[in-house]
Each structure stands twice: as structure tokens, then as C-alpha cells.
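Chains as they are written, first to last, in the working numbering: chain A, 91 to 487; chain B, 91 to 487.
There are 2 protein chains.
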Amino acid sequence: MLQISQRGQQMPPSPIRKLVPYAEAAKKKGVKVYHLNIGQPDIETPKMVLDAVRNSDFKVLEYSHSAGNESYRKKLVKYYESVGIHVNQNEIIVTTGGSEAILFGFMTCLDAGDEVIIPEPFYANYNGFAVAADVKVVPVTSHIESGFALPPIEEIEKKITAKTKAIVICNPNNPTGYLYSEAEMQQLKEIIVKHNLYLFSDEAYREFCYEGKQFSAGHLTGVEDHVIIMDTISKRYSACGGRIGAFVTKNKSVLDAAMKFAQARLSPPSFAQIAGEAAIDLPADYFDTTKAEYKSRRDLIVKRLNAMEGVFCPNPGGAFYAMAKLPIDDADKFCQWLLESFSYKNETVMLAPATGFYGTPGLGKQEVRLAYVLNTTAINGAMDCLEEALKQYPGRK
Amino acid sequence: MLQISQRGQQMPPSPIRKLVPYAEAAKKKGVKVYHLNIGQPDIETPKMVLDAVRNSDFKVLEYSHSAGNESYRKKLVKYYESVGIHVNQNEIIVTTGGSEAILFGFMTCLDAGDEVIIPEPFYANYNGFAVAADVKVVPVTSHIESGFALPPIEEIEKKITAKTKAIVICNPNNPTGYLYSEAEMQQLKEIIVKHNLYLFSDEAYREFCYEGKQFSAGHLTGVEDHVIIMDTISKRYSACGGRIGAFVTKNKSVLDAAMKFAQARLSPPSFAQIAGEAAIDLPADYFDTTKAEYKSRRDLIVKRLNAMEGVFCPNPGGAFYAMAKLPIDDADKFCQWLLESFSYKNETVMLAPATGFYGTPGLGKQEVRLAYVLNTTAINGAMDCLEEALKQYPGRK
Chain A
91 MLQISQRGQQ MPPSPIRKLV PYAEAAKKKG VKVYHLNIGQ PDIETPKMVL DAVRNSDFKV
151 LEYSHSAGNE SYRKKLVKYY ESVGIHVNQN EIIVTTGGSE AILFGFMTCL DAGDEVIIPE
211 PFYANYNGFA VAADVKVVPV TSHIESGFAL PPIEEIEKKI TAKTKAIVIC NPNNPTGYLY
271 SEAEMQQLKE IIVKHNLYLF SDEAYREFCY EGKQFSAGHL TGVEDHVIIM DTISKRYSAC
331 GGRIGAFVTK NKSVLDAAMK FAQARLSPPS FAQIAGEAAI DLPADYFDTT KAEYKSRRDL
391 IVKRLNAMEG VFCPNPGGAF YAMAKLPIDD ADKFCQWLLE SFSYKNETVM LAPATGFYGT
451 PGLGKQEVRL AYVLNTTAIN GAMDCLEEAL KQYPGRK
Chain B
91 MLQISQRGQQ MPPSPIRKLV PYAEAAKKKG VKVYHLNIGQ PDIETPKMVL DAVRNSDFKV
151 LEYSHSAGNE SYRKKLVKYY ESVGIHVNQN EIIVTTGGSE AILFGFMTCL DAGDEVIIPE
211 PFYANYNGFA VAADVKVVPV TSHIESGFAL PPIEEIEKKI TAKTKAIVIC NPNNPTGYLY
271 SEAEMQQLKE IIVKHNLYLF SDEAYREFCY EGKQFSAGHL TGVEDHVIIM DTISKRYSAC
331 GGRIGAFVTK NKSVLDAAMK FAQARLSPPS FAQIAGEAAI DLPADYFDTT KAEYKSRRDL
391 IVKRLNAMEG VFCPNPGGAF YAMAKLPIDD ADKFCQWLLE SFSYKNETVM LAPATGFYGT
451 PGLGKQEVRL AYVLNTTAIN GAMDCLEEAL KQYPGRK
């Protein structure tokens with residue numbers, strides 16, 4: 091009998107996508123489903139970004155350089171300069187989505203059995219890349235009561251062992267929306283220096299900060315060799331399908347090793363590199379409009395949630411996610427029930443149970459993540475459903 | 091002191107790309123370099139394939155399904171049907187290049203320390219994916235004298251241990267151009283049944299067969315659970331930069347596990363899926379023209395090589411590579427010398443030393459791989475250079 095591998099068995103299914111069959115069944119019954127479950131923005135990809143691809147006139151769809159087109163990397167240098175991160179074109183490897191940047195980081199800096207500390211709740215796919223790289227994720231819990239701020243340094247240090255090689259943060263955070271303060275980033279700097287760790291900083295949502303600006307890991311001084319920025323154009327320009335990201339570090343040994351992984355997979359996608367390159371030339375006010383839209387959605391969803399009896403939603407400083415604590419017995423059951431057994435005016439809402447974002451079993455059972463990737467009218471419709479659902483749900487606490 | 095991982099250190103650099111700095115230096119001196127070193131075809135990507143992307147009119151560049159767009163997978167079912175491989179749309183996962191299909195195979199079917207047997211010389215990047223998956227590559231040597239036919243079954247069986255989980259073949263073969271016969275495929279079937287192994291079949295060059303047709307691993311009957319086809323549009327439609335491939339198997343457990351890896355990286359690139367889907371509608375005679383072009387190149391390069399004193403080049407049955415044995419001391423030195431110290435009429439040729447394609451140290455020192463991805467005029471120019479170089483090379487044997 092042929093067997094699949096242990097890691098194939100251990101690989102977690104996507105917690106965000108596991109409810110999809112229930113949503114499909116609801117739609118078949120004619121129920122409208124508001125999708126607040128995944129981070130696929132409804133914002134249009136800027137026309138000039140798509141047009142750059144549509145107007146391209148090459149004759150052969152060739153491999154690009156394994157690190158990405160030089161012309162694109164030169165543009166990225168300008169982009170990073172504009173956000174106060176000083177790198178040159180050889181310190182950037184263009185990746186196939188932010189996903190590949192994360193995988194390259196794990197593969198390059200950690201060996202099988204090594205440990206990576208991640209504040210939980212965290213982006214669930216980190217688990218998948220950890221299984222692929224045979225790395226152990228060690229969660230350190232952040233709490234909804236404090237808005238998911240960085241856990242106290244002592245809590246993080248308690249988790250450090252001889253096997254710990256890196257800390258991963260996502261800033262602003264998916265799934266919590268938390269924006270790390272400069273003081274918190276300086277605390278992280280102290281830890282990585284003291285314990286000789288890498289800091290992997292997933293900055294997919296850099297531009298989407300609603301209370302102040304992002305303090306990037308790339309702004310930390312004196313720890314350039316420790317810091318790897320994992321980046322992507324997916325959310326920044328609403329270009330998720332492009333699958334273009336970046337692996338950015340000033341650590342030469344890490345770059346050299348990561349380049350070998352990059353060469354093995356030959357090159358990142360060519361079409362979307364054209365899109366990414368064009369995006370750098372978007373007018374300076376491009377993010378203003380998008381940010382204003384997301385901010386109005388955030389303000390609405392947070393207000394609506396906190397107005398519901400027994401619901402608590404801290405105000406997220408960035409990204410386009412909110413985490414809410416609900417008066418329910420079990421978020422997984424509740425989210426399934428919303429799709430399977432509930433509708434209000436023939437509509438319902440799809441949410442992501444928070445359990446999939448925690449590494450510690452049992453946590454997040456009363457929490458859900460809401461991606462505010464729909465317009466305010468839709469958000470109001472979704473919140474009407476949720477409010478009514480919480481009244482009807484048999485497992486209400 | 092921060093360290094990179096062991097696997098980062100073990101990761102082999104690309105043997106095909108390591109001579110690039112010497113080629114760049116030659117070009118700076120004004121020397122024209124014929125690139126027979128990499129499999130980047132000069133054939134134009136079909137206009138209708140590129141136009142499908144250019145004429146696309148979506149507004150949001152969204153994530154696709156993690157297994158690839160359903161519309162594309164349905165088209166792929168038709169394509170596979172046309173080459174005698176019967177699968178349904180749920181037995182296909184669209185991947186980011188053939189590269190990702192190989193990685194998914196290793197990750198899904200093998201654990202750290204497991205072994206995979208590969209006839210050598212083999213596509214060098216298998217080494218890279220093996221390091222990423224912490225899998226041991228066990229080479230079994232094929233020989234230039236027999237045109238790189240499948241090694242005798244006994245030789246393969248000698249290599250099988252309790253850790254052996256799979257055999258990888260590339261058919262038609264990169265780097266040798268060898269096309270496995272139906273009889274050889276049936277021998278492989280016997281081995282995988284007898285020893286309960288997976289057969290990973292890299293069929294990137296399926297259409298490019300000049301002596302008869304490909305007998306696909308997908309044509310083997312009764313071993314459907316053992317067979318995984320790793321595929322790509324890169325060479326088929328000269329669309330290397332698209333980064334679209336496919337992982338094809340009828341083994342449900344393998345599919346389920348591979349889907350979890352696919353979900354972790356979210357989706358394959360969206361633009362090039364449009365290209366891949368359009369390519370299925372190319373006229374039936376599309377490959378005739380391309381094949382005729384490659385065949386005339388093959389005929390020329392093989393004739394020119396065998397006409398040189400001391401050179402032997404078996405006639406490759408498929409793909410667009412030829413391996414030649416040269417009267418030289420060391421292929422790595424020779425290929426570097428061609429770029430660094432030689433020119434003929436201000437031109438030279440870049441070849442891939444075969445050493446990088448062998449897993450057994452010391453093999454391939456007198457062999458080079460030639461990719462016939464240039465037109466016949468350029469091939470004649472390149473062969474003139476090689477002929478002259480072999481007369482002048484100080485390490486001639």
C-alpha cells in the first residue's frame with residue numbers, strides 16, 4: 091500500500107477555506123453570502139497596472155532573472171526608499187507571492203527541528219510553510235483584551251530555547267489588524283540581538299495603517315543582518331493573483347543561500363512582474379483613496395460589532411482585518427451554523443473562526459476574524475445578519 | 091554570529107547559471123556568445139496565447155482557486171485526453187511551473203531521509219528540490235554509449251532500499267534527449283509494483299519527439315495510484331516565464347495532501363493561467379511546425395558534432411537537448427575556457443558542463459549538454475566555434 095508522507099499528513103488544511111462547501115451549499119439554496127472570510131479585496135487593481143501587462147509587446151514569454159527582472163528590482167529600490175527602507179537591487183529577490191518569501195526564509199535560516207516564535211493568533215499559512223520546512227512553530231499568545239499588542243518580552247523570552255532561530259511578525263497584523271508601535275519594534279530588536287535570532291517581518295499590509303504610520307523592521311538600525319522583510323504586491327495594489335512578492339535583506343549570506351532556492355525554481359512569474367513594476371509609478375496619492383475606503387469600512391465594522399450585545403472588537407490600527415469576541419460556545423460551530431442553518435432576509439455571512447489562527451489548542455473558540463474587503467453597504471448587510479444570528483444561535487453564551 | 095541553515099549551505103548553485111559571469115565578461119569584450127547552455131527556446135510564444143492575456147478584461151487581479159481556475163482545468167482534461175491520458179479536472183492541480191509540481195511530489199510522497207532514484211545524468215534542479223524536501227537523490231547511471239537508455243533493471247533494483255519511495259524520470263529527457271520506449275516504461279511499471287514505489291514522470295517535453303511518439307507514464311495501466319505526472323507549459327508553448335505547470339495523478343490521497351501544500355501558497359499565477367487556457371485551443375498542427383524546426387536543428391547539431399574528430403553525440407529522440415562526449419580533460423574547465431580565453435571570428439559558444447547533471451561525483455567530465463534553442467544559422471556558427479575550439483584547447487585529450 092502506497093503511503094503519503096508524514097508531512098503530507100501533518101500539513102494543515104486551510105482554516106479559511108474549510109467552510110467553502112457550506113457556503114456553496116447555502117448559495118445553491120439561493121441564500122446570499124457576504125464573504126468576510128478571506129483577504130481577497132474587492133478594490134479594483136489600478137488600471138495602469140493591468141494595462142502595463144495588456145500593452146506589453148514581447149514575442150517570447152521568457153524566464154526572467156531568478157531574482158526577478160533587474161528593471162523591476164531597480165524600481166523596488168525606489169519604492170523601498172520612499173518608505174524609509176534603504177536597500178539596493180541586489181538585496182531584493184522577487185518571489186512568487188509573499189508565500190514564497192516566507193518559505194525561502196524558513197528554508198534558508200532554519201533546519202529541520204529548529205523553532206520559530208510567532209505571536210498568536212497568526213496567519214495560518216505560516217503553519218503550512220513550517221511543515222514544508224520541518225520547522226516547529228512556537229506560539230506566544232497575544233490577547234484580544236489588549237488589542238493583540240506584542241506579548242510582554244518576558245513571555246517571549248520564556249519560549250526561547252537552543253533551537254530557536256527566528257521570530258516572525260506580521261505588521262500590520264493579519265489576522266488581528268494590530269499595528270506594532272516603534273517601542274514594541276525596539277523591544278523585538280533587543281530580543282533578536284540578545285538571543286541572536288532572525289526577525290522575519292511580513293509587511294504585506296504596510297500602507298494600510300489608520301492610526302499613524304508603520305514602523306518597519308527595515309527601520310531598525312544595527313540589526314540589518316538579522317532582519318528579513320517578506321513582502322508582496324497582493325494587498326498593496328489589489329493584485330493577489332499576480333503572485334509577486336519580495337524577499338528583502340541586507341544579510342549577504344542569507345541572500346546567497348536564498349538565491350540558490352530561487353534558481354532551483356528558475357524565475358518568478360513574468361507577466362505580473364510587469365504589473366508590479368508599473369505599480370511603482372502609481373501617483374503618490376494612490377494609497378490615500380484606498381486607505382480612506384478601508385478606514386471607513388473599519389470604522390463601520392468596529393462600531394457595528396461593539397454595538398452588539400456581548401461582542402467586543404478592539405480597534406485595529408492597520409491591515410483590513412478585525413478580530414471580534416462573540417458570546418458563543420464555539421467559533422467553528424457558529425461559522426458553520428451561519429452557512430448551514432441560518433439566514434436573515436435570505437442572506438448570511440461567512441466568517442473565519444479564529445481557532446485556525448492560534449497555535450495553542452483551545453484558544454480562539456469565541457473569536458472570529460472579519461476581513462473588511464466589502465463596501466460599506468455590504469458590511470452593513472453582513473452586520474445585520476451577524477446581529478440577528480447572535481440572537482438566534484442555539485450555542486449563545 | 092547568525093548562521094544560515096545546513097540546507098541553505100547544501101543547496102547546490104545552478105550548474106547551468108554558474109558560468110554566467112564569464113559569459114557577461116566575454117560580451118563586455120565585444121565577443122558574441124551563442125547560448126546553447128540553457129533551455130530557453132527562441133521560438134515565439136503563439137500570438138493567440140499572449141493575446142488572450144492582453145485582451146483580458148477583468149477588473150481585479152484575484153487569487154484563483156488553489157488548484158487553478160476550473161475553466162483551465164476543464165480545458166486541460168481535453169488536452170490530456172488528446173494525448174491519451176484520461177483524467178478529470180479534480181485530478182489536476184495547476185502549479186507554479188513544473189518546478190512546483192516536482193516540489194509538491196517530493197513533499198507529499200517523501201519524508202526527510204527518504205530516497206528517490208533518478209537515472210543520471212538528470213535535470214540538475216531535482217537536486218535543489220531534494221535539498222528543500224530533505225530527500226536523498228540516489229543516482230543510477232545511464233551511459234552515453236547506449237544513448238542514455240534506461241539502465242538495466244538490475245542496476246536500478248540494486249539501489250532500492252527500505253527508504254526508497256519513488257523513481258523520477260524525465261521523458262523525453264532533459265539533459266540527454268533520450269525518449270523512453272514503451273518496453274522501458276513497462277519495465278519501470280514492474281519495478282514500481284514490485285517495490286511499491288511512486289513513479290514521478292516529468293513530461294515537460296512530451297510533444298517534442300522526433301522518432302515515434304512519447305509513451306507517457308499516464309499510459310501505464312493498473313498503476314494509476316503510483317504515477318504522478320509533473321508537467322509544464324514552459325517548453326510546450328515557449329512560455330517559460332508564465333510559471334504554469336501541472337501536478338497530475340489519480341491517487342486521491344496524494345491529491346488531497348498536495349492540495350494542502352497548494353492552499354498554503356494560495357494560488358498559481360492568474361495571468362499565465364489565461365495564457366495556458368488559450369494554448370489548449372491552438373490549431374492541431376501547432377506542434378508540427380515547432381517540431382519540424384527542432385528536428386532540423388537536432389539533425390544539424392548531431393551531424394556537425396559527430397563530424398568533429400574525437401566527438402560522439404548519440405541521436406536524441408526528443409526534447410531539445412543533445413549530450414556530446416568531447417576529447418577534453420574537464421568539461422567545467424573547457425566551458426569556462428570557451429568564454430574566458432577563446433573566440434573564433436569574434437564569436438564563442440556557451441555550453442553546459444555535464445558534471446552538474448550527474449549525481450555521482452567524477453562522472454560527465456568529458457560531456458557537455460547542448461540545448462538546440464537557436465536557429466540553424468546560429469547553430470552552424472556555434473558549431474564552427476566549437477570545432478575550432480577543440481583544435482586550440484590546451485586540455486585536449
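Just so you know, even glycine gets a beta-carbon here, dropped at the ideal spot from N, CA and C.
Can you name the residues of chain B whose CB is closer than 9 Å to the CB of residue i?
{"i": "A/V338", "result": "Here the premise fails: no neighbours, minimum Cβ distance about 16 Å."}
Can a CB atom of chain B be found closer than 9 Å to the CB of residue i?
{"i": "A/V150", "result": "yes"}
{"i": "A/T135", "result": "yes"}
{"i": "A/D422", "result": "no"}
{"i": "A/S343", "result": "yes"}
{"i": "A/A365", "result": "yes"}
{"i": "A/S489", "result": "Residue 489 of chain A lies beyond the residue range present for chain A, which begins at 91 and ends at 487; the question has no answer from this structure."}
{"i": "A/S146", "result": "yes"}
Going along chain A in order, which residues have a C-beta closer than 7 Å to the C-beta of residue i?
{"i": "B/A329", "result": "L151"}
{"i": "B/L356", "result": "G187, S189"}
{"i": "B/V143", "result": "V143, F361"}
{"i": "B/Q130", "result": "E152, Y153"}
Mind pulling the chain A residues with CB within less than 9 Å of residue i?
{"i": "B/C199", "result": "L92, Q93, I94, S95, G98"}
Can you tell which of the options has the C-alpha that lies nearest to the C-alpha of residue i?
{"i": "B/E181", "options": "B/V110, B/F337, B/V228", "result": "B/F337"}
{"i": "A/G335", "options": "A/V123, A/I364, A/L429", "result": "A/I364"}
{"i": "A/T251", "options": "A/P265, A/Q277, A/N264, A/L287", "result": "A/L287"}
{"i": "A/T450", "options": "A/P211, A/Y153, A/S324", "result": "A/P211"}
{"i": "A/S189", "options": "A/A202, A/T231, A/P358, A/N159", "result": "A/P358"}
{"i": "B/I370", "options": "B/V167, B/Y462, B/F148, B/L356", "result": "B/V167"}
{"i": "A/A461", "options": "A/S236, A/L289, A/M440", "result": "A/M440"}
{"i": "B/K423", "options": "B/G446, B/E437, B/V401, B/A412", "result": "B/G446"}
{"i": "B/S433", "options": "B/S95, B/L140, B/R486, B/A116", "result": "B/A116"}
{"i": "A/D147", "options": "B/P136, B/G454, B/D204, B/F148", "result": "B/P136"}
{"i": "B/E244", "options": "B/M349, B/P209, B/G158, B/R97", "result": "B/P209"}
{"i": "A/H176", "options": "A/Y327, A/V317, A/M349", "result": "A/V317"}
{"i": "B/D132", "options": "B/T380, B/R333, B/Q179, B/A307", "result": "B/T380"}
{"i": "B/T185", "options": "B/K455, B/A348, B/A374", "result": "B/A348"}
{"i": "A/S291", "options": "A/G174, A/K284, A/M275", "result": "A/M275"}
{"i": "A/Y376", "options": "A/E367, A/Q96, A/A214, A/Y327", "result": "A/Y327"}
{"i": "A/I281", "options": "A/G454, A/I207, A/P373, A/E160", "result": "A/I207"}
{"i": "A/S172", "options": "A/Q456, A/G454, A/K303", "result": "A/K303"}
Kindly list, in the order they appear in chain B, the residues whose Cβ is closer than 8 Å to that of residue i.
{"i": "A/P359", "result": "T186, G331, G332, R333, P359, F361, A362"}
Cβ closer than 7 Å: which chain B residues qualify as neighbours of residue i?
{"i": "A/E297", "result": "Those within 7 Å of A/E297 in chain B number zero; the least Cβ separation is about 17 Å."}
{"i": "A/M101", "result": "A347, K350, F351"}
{"i": "A/S104", "result": "Q353"}
Cβ of residue i less than 9 Å from any chain A Cβ?
{"i": "B/H316", "result": "yes"}
{"i": "B/L140", "result": "yes"}
{"i": "B/R107", "result": "yes"}
{"i": "B/S306", "result": "no"}
{"i": "B/K172", "result": "It should be noted that the sequence gives Ser, not Lys, for residue 172 of chain B. Not closer than 9 Å to any Cβ of chain A, the Cβ of B/S172 fails to qualify, so no."}
{"i": "B/S156", "result": "yes"}
Would you call the segment 381–395 of chain A and the segment 250–260 of chain A in contact, with 3 or more CB pairs under 8 Å?
The segment 381–395 of chain A, when compared against the segment 250–260 of chain A, does not touch it at the 8 Å Cβ threshold.
Which of the residues in the segment 369–383 of chain B, read from start to end, lie with their CB under 8 Å from any CB of chain A?
For the segment 369–383 of chain B, which is checked against every Cβ of chain A, not one residue is closer than 8 Å.
Contact between the segment 109–119 of chain B and the segment 215–230 of chain B: three or more CB pairs below 8 Å?
Contact fails between the segment 109–119 of chain B and the segment 215–230 of chain B, because fewer than three Cβ pairs, one in each stretch, are under 8 Å apart.
Using a Cβ distance threshold of 8 Å, determine whether the segment 314–325 of chain A contacts the segment 450–469 of chain A, with at least three qualifying pairs required.
No, because fewer than three Cβ pairs between the segment 314–325 of chain A and the segment 450–469 of chain A fall closer than 8 Å, the two stretches do not touch.
Answer yes if the segment 306–313 of chain A comes into contact with the segment 340–347 of chain B, meaning at least three C-beta pairs across the two stretches below 8 Å, and no otherwise.
Contact between the segment 340–347 of chain B and the segment 306–313 of chain A is absent, because fewer than three Cβ pairs lie under 8 Å.
Proximal residues, the segment 193–225 of chain B versus chain A, C-beta separation under 7 Å
Within the segment 193–225 of chain B, the qualifying residues are M197, T198, C199, L200, D201, A202, N215, G218, F219, A222, D224.
Taking contact to mean 3 or more Cβ pairs, one atom from each stretch, closer than 8 Å, check whether the segment 262–281 of chain A and the segment 400–420 of chain A are in contact.
Result yes; three or more Cβ-Cβ pairs closer than 8 Å.
Is it true that the segment 144–156 of chain A meets the segment 471–478 of chain A, where meeting means three or more beta-carbon pairs spaced less than 8 Å apart?
Using a Cβ-Cβ distance cut-off of 8 Å, the segment 144–156 of chain A and the segment 471–478 of chain A are not in contact, since fewer than three pairs of beta carbons, one from each stretch, lie closer than that value.
Check distances from the C-beta atoms of the segment 271–297 of chain B to those of chain A and list, in chain order, the residues that come in under 9 Å.
So the close ones are N286, L287, Y288.
Counting beta carbon pairs with one atom in the segment 186–205 of chain A and one in the segment 224–235 of chain A, are three or more of them shorter than 8 Å?
Note that the segment 224–235 of chain A touches the segment 186–205 of chain A; at least 3 beta-carbon pairs, one per stretch, sit closer than 8 Å.
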